[in-house]
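Going down the list, the protein sequences come from chains U and W. If you use our numbering, the first sequence corresponds to residues 1 to 114, in order. If you use our numbering, the second sequence corresponds to residues 115 to 224, in order. Take a look at the structure set out below.
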Amino acid sequence: NAGVMQNPRHLVRRRGQEARLRCSPMKGHSHVYWYRQLPEEGLKFMVYLQKENIIDESGMPKERFSAEFPKEGPSILRIQQVVRGDSAAYFCASETGSGANVLTFGAGSRLTVL
Amino acid sequence: GEDVEQSLFLSVREGDSSVINCTYTDSSSTYLYWYKQEPGAGLQLLTYIFSNMDMKQDQRLTVLLNKKDKHLSLRIADTQTGDSAIYFCAESMDTDKLIFGTGTRLQVFP
Chain U
1 NAGVMQNPRH
11 LVRRRGQEAR
21 LRCSPMKGHS
31 HVYWYRQLPE
41 EGLKFMVYLQ
51 KENIIDESGM
61 PKERFSAEFP
71 KEGPSILRIQ
81 QVVRGDSAAY
91 FCASETGSGA
101 NVLTFGAGSR
111 LTVL
Chain W
115 GEDVEQSLFL
125 SVREGDSSVI
135 NCTYTDSSST
145 YLYWYKQEPG
155 AGLQLLTYIF
165 SNMDMKQDQR
175 LTVLLNKKDK
185 HLSLRIADTQ
195 TGDSAIYFCA
205 ESMDTDKLIF
215 GTGTRLQVFP
C-alpha cells in the first residue's frame with residue numbers, strides 16, 4: 001500500500017499561470033480532503049470530496065480555486081491565475097469514510113508563485 | 115466557532131517529559147487527534163481519543179482530555195531528539211472535516 005500519493009512535490013509558477021495538484025488516495029479510501037498550510041502556520045481546511053461529489057467546500061476561496069475527484073483517476077486541486085499569496089504547501093488526506101475519521105496525509109505539494 | 119489553539123513553542127531536555135497543550139471550542143467534537151509533522155513532510159497521526167474518554171495511553175504517549183474545560187494534552191515520556199517536530203491537535207466536526215490547531219514546535223536538546 002503506497003499511502004497517499006501527491007504530485008508534484010514541488011511546483012513553481014509565475015503569477016497568472018495555472019497550478020494543478022494531484023492526489024491519489026490510499027487504496028480502499030473513498031474520501032479525500034485538501035488542506036493548505038501557509039508558511040509558519042497550521043493547516044486550513046479547503047475541501048472534502050467523495051468520488052464525483054463535493055461534500056464540503058466551505059474552506060475554498062470563492063474564485064480561482066476548484067477541486068474534483070472523478071470516478072477514475074486522482075483528485076485534482078486546480079488554482080487558476082495564481083498570485084503570490086497562493087504560495088503554500090497543499091496537503092491531501094484520505095480516509096475510508098467510516099469509524100474514527102482518521103486521516104492519512106500525503107507528503108504535500110509545495111507551490112511557489114514567482 | 116471553529117478555533118483550536120496551541121502554544122507555539124516548547125523546549126525540553128532529552129529524557130524529560132514533554133506536555134503539549136491544546137484548547138478547542140466545539141463541545142460536539144466526537145474525536146480529538148494528535149498529529150506530528152517533521153520538516154518538509156506531511157502529517158503523521160500519533161494518536162486519537164474519543165470524546166467520551168478522559169485518558170488514553172500508547173507507549174510513551176499519554177493523552178488527557180478535559181471535556182468540561184475543552185482542554186486536550188499530549189504527554190511524551192522520556193523525550194528523544196527524534197521527537198523534535200511540530201505537533202498539531204485537531205478536532206473532528208460533524209461534517210467529518212478536521213480542524214487543526216496552529217501547531218506546537220517541540221525542540222529537544224541534549
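Every residue gets a Cβ at the ideal spot worked out from N, C-alpha and C, and that includes glycine. Being a predicted model, the structure only gives us computed values, none of them experimental.
Short CB-CB distance (under 8 Å) between residue i and chain W
i, result
"L43 of chain U", "yes"
"Y90 of chain U", "no"
"A100 of chain U", "yes"
"A107 of chain U", "yes"
"L103 of chain U", "yes"
Neighbourhood of residue i by C-beta, 7 Å cutoff - its chain only, sequence neighbours within 5 removed
i, result
"K184 of chain W", "T137, Y138, T139 and S141"
"H10 of chain U", "R110"
"V12 of chain U", "T112 and L114"
Beta bridge counterpart(s) of residue i as assigned by DSSP
i, result
"L220 of chain W", "W:L124 and W:A199"
"L188 of chain W", "W:I134 and W:V177"
"K155 of chain U", "In this structure chain U extends from 1 to 114, so residue 155 of chain U is not present and cannot be described."
"S206 of chain W", "W:L212"
"L182 of chain W", "Before going on, a small fix: residue 182 of chain W reads as Lys here, not Leu. Bridge partners of K182 of chain W: none, in fact."
"N166 of chain W", "In the DSSP output, where bridge partners are listed per residue, N166 of chain W has none listed."
"H29 of chain U", "Per DSSP, none; premise fails for H29 of chain U."
C-alpha distance - residue i paired with residue j, whole-angstrom precision
i, j, result
"L188 of chain W", "G108 of chain U", "25 Å"
"T193 of chain W", "S121 of chain W", "18 Å"
"D210 of chain W", "G129 of chain W", "37 Å"
"F123 of chain W", "I200 of chain W", "9 Å"
"L160 of chain W", "L146 of chain W", "11 Å"
"G28 of chain U", "S98 of chain U", "11 Å"
"V177 of chain W", "G73 of chain U", "38 Å"
"L43 of chain U", "G215 of chain W", "8 Å"
"N7 of chain U", "E18 of chain U", "15 Å"
"N166 of chain W", "R84 of chain U", "44 Å"
"S132 of chain W", "I190 of chain W", "5 Å"
Chain-order list of residues whose beta-carbon lies under 6 Å from that of residue i (same chain, five-residue window excluded)
i, result
"A89 of chain U", "Q37, G108 and R110"
"Q158 of chain W", "K150"
"Y186 of chain W", "Inspection of the sequence shows that residue 186 of chain W is occupied by Leu rather than by Tyr. So the qualifying residues of the chain are C136, L146, L179 and C203."
"M169 of chain W", "L178"
"D172 of chain W", "T161"
Sequence-distant residues of its chain with Cβ nearer than 8 Å to residue i (five each side left out)
i, result
"V32 of chain U", "C23, P25, Y48, L49, Q50, F69, S75, C92, A93 and S94"
Beta carbon proximity, residue i to chain B, threshold 8 Å
i, result
"D56 of chain U", "Looking at the structure shown, chain B is missing, and the protein chains on hand are U and W."
Cβ of residue i within 8 Å of any chain U Cβ
i, result
"A191 of chain W", "no"
| query | Can you give, in chain order, each stretch of the beta strand (DSSP E) that sits fully within the stretch 54–101 of chain U and has at least 3 residues? | reply | As summarised for the stretch 54–101 of chain U, the continuous beta strand (DSSP E) elements at least 3 residues long and confined to that stretch are 65–68, 75–79 and 88–95, given in chain order.
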